[in-house]
Amino acid sequence: MDLPNNPVLRLRAQIASLEGVLADLKTQLIDAEAYYNQSASAKADSSGHLQIQTFSSSPFQPLNHHEKTFESLIDQLDLSQEDNWGRSGKLTLQEHTRYGRQLIMPEIGLRGQLRFKNAAALIVGVGGLGCPAATYLAGAGVGTIGLMDGDTIELSNLHRQILHTQKWLGLSKVDSAVEKLMERNSENHYVAHHCNLDQKRAVETMRKYDLILDCTDRPSTRYLVSDAAVLAGKPVVTASALRTEGQLMVLNNPPKSLDNPGGFCYRCVFPKPPPAESVLSCGEGGILGPVVGVMGVLMAMEALKILSPLHPDHGYQDPTKASCDPIPPSLLLYSAYSNPPFRSIKLRGKRKGCPSCSDTATITEESLKSASSDHAAFCASTSPAPPPNTSRISAKEYSKVREATESPHVLVDVREKVQFDICHLKGSVNIPYSDISRDPEASIDKLDHAISDGNSNTADGVSLYLICRYGNDSQLAANTFKTLPRFQPYAKYDFKGDISGGLRAWTQSVDPDFPEY
Amino acid sequence: MDTKADDEGNLPIVVEFTGGLELLFSNQRKHQIALPSTDENGRSANLAFLVRYLCQSLMTGRRKDMFVTDGTVRPGILVLVNDADWELEGEDQYELKRNDNILFVSTLHGG
Numbered sequence: 001m002d003l004p005n006n007p008v009l010r011l012r013a014q015i016a017s018l019e020g021v022l023a024d025l026k027t028q029l030i031d032a033e034a035y036y037n038q039s040a041s042a043k044a045d046s047s048g049h050l051q052i053q054t055f056s057s058s059p060f061q062p063l064n065h066h067e068k069t070f071e072s073l074i075d076q077l078d079l080s081q082e083d084n085w086g087r088s089g090k091l092t093l094q095e096h097t098r099y100g101r102q103l104i105m106p107e108i109g110l111r112g113q114l115r116f117k118n119a120a121a122l123i124v125g126v127g128g129l130g131c132p133a134a135t136y137l138a139g140a141g142v143g144t145i146g147l148m149d150g151d152t153i154e155l156s157n158l159h160r161q162i163l164h165t166q167k168w169l170g171l172s173k174v175d176s177a178v179e180k181l182m183e184r185n186s187e188n189h190y191v192a193h194h195c196n197l198d199q200k201r202a203v204e205t206m207r208k209y210d211l212i213l214d215c216t217d218r219p220s221t222r223y224l225v226s227d228a229a230v231l232a233g234k235p236v237v238t239a240s241a242l243r244t245e246g247q248l249m250v251l252n253n254p255p256k257s258l259d260n261p262g263g264f265c266y267r268c269v270f271p272k273p274p275p276a277e278s279v280l281s282c283g284e285g286g287i288l289g290p291v292v293g294v295m296g297v298l299m300a301m302e303a304l305k306i307l308s309p310l311h312p313d314h315g316y317q318d319p320t321k322a323s324c325d326p327i328p329p330s331l332l333l334y335s336a337y338s339n340p341p342f343r344s345i346k347l348r349g350k351r352k353g354c355p356s357c358s359d360t361a362t363i364t365e366e367s368l369k370s371a372s373s374d375h376a377a378f379c380a381s382t383s384p385a386p387p388p389n390t391s392r393i394s395a396k397e398y399s400k401v402r403e404a405t406e407s408p409h410v411l412v413d414v415r416e417k418v419q420f421d422i423c424h425l426k427g428s429v430n431i432p433y434s435d436i437s438r439d440p441e442a443s444i445d446k447l448d449h450a451i452s453d454g455n456s457n458t459a460d461g462v463s464l465y466l467i468c469r470y471g472n473d474s475q476l477a478a479n480t481f482k483t484l485p486r487f488q489p490y491a492k493y494d495f496k497g498d499i500s501g502g503l504r505a506w507t508q509s510v511d512p513d514f515p516e517y
Numbered sequence: 001m002d003t004k005a006d007d008e009g010n011l012p013i014v015v016e017f018t019g020g021l022e023l024l025f026s027n028q029r030k031h032q033i034a035l036p037s038t039d040e041n042g043r044s045a046n047l048a049f050l051v052r053y054l055c056q057s058l059m060t061g062r063r064k065d066m067f068v069t070d071g072t073v074r075p076g077i078l079v080l081v082n083d084a085d086w087e088l089e090g091e092d093q094y095e096l097k098r099n100d101n102i103l104f105v106s107t108l109h110g111g
């Protein structure tokens, strides 16, 4: 029978279906009322040392006639112990429906679902990686999800940070995420950490969780997540993304313990931090939404695999058991514009003498707390900062130069062409800093050419200004130009200065209609 | 597999750059190159020689320090020989073979 085309049948089916939901809700209400009457006094939150709020629907008690079956199953599965928030794992009627599609999969089953329900995962960073990762973990029914981030939502986050929406601009990422995750699945318990990972409290915070997802955005926190998780004995799923590429690893899996040397850690792969100037943020290098989204989704899948390892019946052993061989160390690479786009590379694994995870580890909980191992300093630039360009002018001063008709000059915009094409100041000439640094002489030739092409003023001693996005590259370009003969006094170009703060300062102090991107 | 050099004494290999390193090499991820089969001292070409060769012959960017520091690949770059960490293959002493794939991966930190 064709339901959608027969309104009578369709309505009957809808009513029957909704009555079923209503009946279920009524049963739950009775349970919930009973629960609240029993524990009228407010639940004390044992984790109040951080700036934490917890969000959860009431932990519904399962129906009596199911209890016996579950009890025996849970005993058998050793899932009866309480988690850090004092709850044990049993499925409600509604949970059978909610998780039905994954529950019937042999990889998950009732056993896996109960493991999810009793598990606690900490998501460090609720941005481009954290949003999709949290969404799938919440949907899958991971019972406790910690969300840690000290940032607020900016307009430039929205193309990729899929939990955050326009009406939340300027508000806490963690609060926004909790609200959206509650809408998706209010059965879970959400723990809000309105802060960034702090090396003094990292280990004790992680101890409350079973698994850590490293969704952060800078090297110093990546080392800290790994170091603290090794000390807390928790596995880590770590991923990162920039431009069109992403990388993913599973660290400390199985976790290091007294009777298990544990899997490799972040320091085993990258014993030395990269030079600070080689590290680009998404704001500097750019990022495509689906690229970081894919990585976040992959993190969620790796997390589910760790929280509910396949049963031995499926030819796979629980990796948390000491007898099991560690998972072969690998790094997954995703490159959206490469063919093939995915590639898994074999890593060396644990490093002898690793300061974090080896037998001779020097990083301890005490050294983290006492800040004697300072992660920010460890990752700070090791090379000296470039000498400051002394001839700088403010955006305001430069705007006066532009207003004065008797001051012909050339403005060189040293941003990459793709950025110059988005927006630029009228009359400016584009010579990207990447070209200038590669071949300064050739870039000056290009400047000569551009000026003689578009402007009759080719007289010697023409005034020259440099500008970029934030005022960093223009300074570097100025330093490069100054060393060239054509920039010596009385030569062709009279270098006046670069605009400090770049085009951002131009928008802020001269022309608010100039786009900031 | 034929591991010998071609008639002109060059080893055909594939060199790939990811994680932003391609910006130093004409913004091109994959390069088919013919590496001299022996280094400056007449020894078989190894990864240390390849890294020197890349800096001299393939690099277009001026920021050599974004690729090499203290005579070797800088921290934060993984070197993969046929998709396996070079530390499993003898690091920079690994002797290159015909049709090897050498991948340089710069670690990413955005999220």
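Protein sequence lines correspond, in order, to chains A and B.
Under the UniProt record's numbering, the first residue of the first sequence carries the number 1, and numbering increases by one thereafter.
Under the UniProt record's numbering, the first residue of the second sequence carries the number 1, and numbering increases by one thereafter.
Just so you know, even glycine gets a beta-carbon here, dropped at the ideal spot from N, CA and C.
{"query": "Beta-carbon neighbours of K417(A), restricted to chain B and to distances below 9 Å", "result": "Within 9 Å Cβ-Cβ: nothing; K417(A) doesn't reach chain B, min ~12 Å."}
{"query": "Where M105(A) sits in the DSSP three-state scheme", "result": "coil"}
{"query": "Continuous beta strand (DSSP E) stretch holding H424(A): start and end", "result": "From DSSP, H424(A) is part of no beta strand (DSSP E); its letter is neither H nor E."}
{"query": "Proximity of S407(A) and A505(A) at Cβ, strictly below 8 Å", "result": "no"}
{"query": "Sheet register partners of M148(A) (DSSP bridge)", "result": "V124(A), H193(A)"}
{"query": "Neighbour-count burial assignment, G89(A), 16 or more Cβ in a 10 Å radius", "result": "Summary for G89(A): the model assigns pLDDT 48, below 50, so the residue's position carries little reliability, and this model does not support an answer."}
{"query": "Beta-carbon contacts of L280(A) that lie in its chain and below 7 Å, excluding the five residues immediately before and after", "result": "L242"}
{"query": "Separation of L11(B) from R98(B), as counted between CA atoms", "result": "5 Å"}
{"query": "Selection from G146(A), F495(A), G471(A), P235(A) that minimises the alpha carbon distance to K482(A)", "result": "F495(A)"}
{"query": "D511(A) classed as buried or exposed, judged by whether at least 16 other C-beta atoms fall within 10 angstroms", "result": "exposed"}
{"query": "Beta strand (DSSP E) runs contained entirely in the region 202-286 of chain A, provided each spans 3 or more residues", "result": "211-214, 236-242, 245-251"}
{"query": "Cβ neighbour criterion (16 or more within 10 Å) applied to Q161(A)", "result": "buried"}
{"query": "Reduced DSSP category for residue 113(B) - H, G, I as helix; E, B as strand; rest coil", "result": "The structure shown does not extend to residue 113(B), since chain B is modelled only from 1 to 111, so the question has no answer here."}
{"query": "Under 8 Å between C-beta atoms of G353(A) and P329(A)", "result": "no"}
{"query": "L108(B) versus V269(A) - alpha carbon distance", "result": "13 Å"}
{"query": "Extent of the continuous alpha helix (DSSP H) run through P290(A)", "result": "289-307"}
{"query": "Nearest-angstrom beta carbon gap, L213(A) and V124(A) [assumed within contact, 8 Å]", "result": "7 Å"}
{"query": "Boundaries of the alpha helix (DSSP H) in which R504(A) is found, first to last residue", "result": "502-509"}
{"query": "Top-ranked residue by Cα proximity to A477(A), from P432(A), S509(A), R351(A)", "result": "P432(A)"}
{"query": "Span separating the alpha-carbon of L9(A) from that of G20(A)", "result": "17 Å"}
{"query": "Simplified DSSP state of G497(A), which is helix, strand or coil", "result": "strand"}
{"query": "Nearest neighbour of K305(A), chosen from L22(A), I30(A), K26(A), G109(A) [CA to CA]", "result": "G109(A)"}
{"query": "DSSP beta-bridge partners of F17(B)", "result": "F104(B)"}
{"query": "Beta-carbon spacing of V225(A), T216(A) below 8 Å", "result": "yes"}
{"query": "Rounded separation between S383(A) and E16(B) - CA only", "result": "Residue confidence for S383(A) is low, a pLDDT of 49 falling below 50, so the modelled location carries little weight; the figure read from the coordinates is stated next. Those two C-alpha atoms are separated by around 27 Å."}
{"query": "Which residues DSSP lists as bridging P12(B), in chain order", "result": "A34(B)"}
{"query": "Cβ-based neighbour list, T507(A), same chain, cut-off 7 Å, excluding 5 preceding and 5 following", "result": "F514, E516"}
{"query": "Contact check, S44(B) vs E95(B), beta carbons under 8 Å", "result": "yes"}
{"query": "H449(A) classed as buried or exposed, judged by whether at least 16 other C-beta atoms fall within 10 angstroms", "result": "exposed"}
{"query": "Per DSSP, the bridge partner or partners of R52(B)", "result": "Beta-bridge pairing links R52(B) to no other residue."}
{"query": "Three-pair Cβ contact test at 8 Å for the region 50-62 of chain B versus the region 291-310 of chain A", "result": "no"}
{"query": "Beta-carbon separation (whole angstroms), V401(A) vs L447(A), contact threshold 8 Å", "result": "About 18 Å separates the two Cβ atoms, so there is no contact after all."}
{"query": "Assigned secondary structure, S437(A) (DSSP; H/G/I helix, E/B strand, else coil)", "result": "helix"}
{"query": "Interface residues of chain A facing D85(B) [CB-CB closer than 9 Å]", "result": "V269, P329, L331, I345, K346, L347, R348, G349"}
{"query": "Alpha-carbon to alpha-carbon, I104(A) and K167(A)", "result": "38 Å"}
{"query": "Cβ neighbours of H375(A) in the same chain (closer than 8 Å, five flanking residues each side left out)", "result": "Q199, S220, T221, Y223, L224, D227"}
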